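Per our numbering, the very first residue in the sequence shown carries number 7; after that it's consecutive. Below is one structure, written out as structure tokens; the observations come after it.
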Amino acid sequence: MKTVKLSITLPKDLVDQMKNLTTNISSFIAAGMREYVSREQSRRAIKESAGAWSDENHPELQTVVDVEKYVREVRSTWRRAEH
7 MKTVKLSITL PKDLVDQMKN LTTNISSFIA AGMREYVSRE QSRRAIKESA GAWSDENHPE
67 LQTVVDVEKY VREVRSTWRR AEH
């Protein structure tokens, strides 16, 4: 994997905590940033899709009973693997 060298500034107490947990600060920060980026991408996707669902487009799913019926129908098509 290609890498890029960065110069960043972090609070000393945070760096001290990281040093107590790992000997490879770069990998530790990279792993944490991957998790953060993934959560942020998900958060933004959810925010951007807000309002995509409309009751007019799904009149069959207006009540809890409707949704439960739909879920039962979908699950009824699932097959268990035979051993």
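The beta carbon of each residue, even a glycine, is placed where N, CA and C say it ideally should be. Computed from a prediction, not measured in an experiment: that's the story for all the values here.
Check: Helix, strand or coil for I14 per DSSP?; Outcome: coil
Check: Express the C-alpha separation of A51 and T28 in angstroms, rounding to a whole number.; Outcome: 32 angstroms
Check: So, are the CB atoms of M39 and I31 less than 8 angstroms apart?; Outcome: no
Check: Would you check if the distance between the CB atom of E79 and the CB atom of D72 is smaller than 8 angstroms?; Outcome: no
Check: Can you tell me which of D19, I35 and A58 puts its alpha carbon nearest to the alpha carbon of L12?; Outcome: I35
Check: Does DSSP put I63 in a helix, a strand or coil?; Outcome: Before going on, a small fix: residue 63 reads as Asn here, not Ile. Here N63 sits in helix by DSSP.
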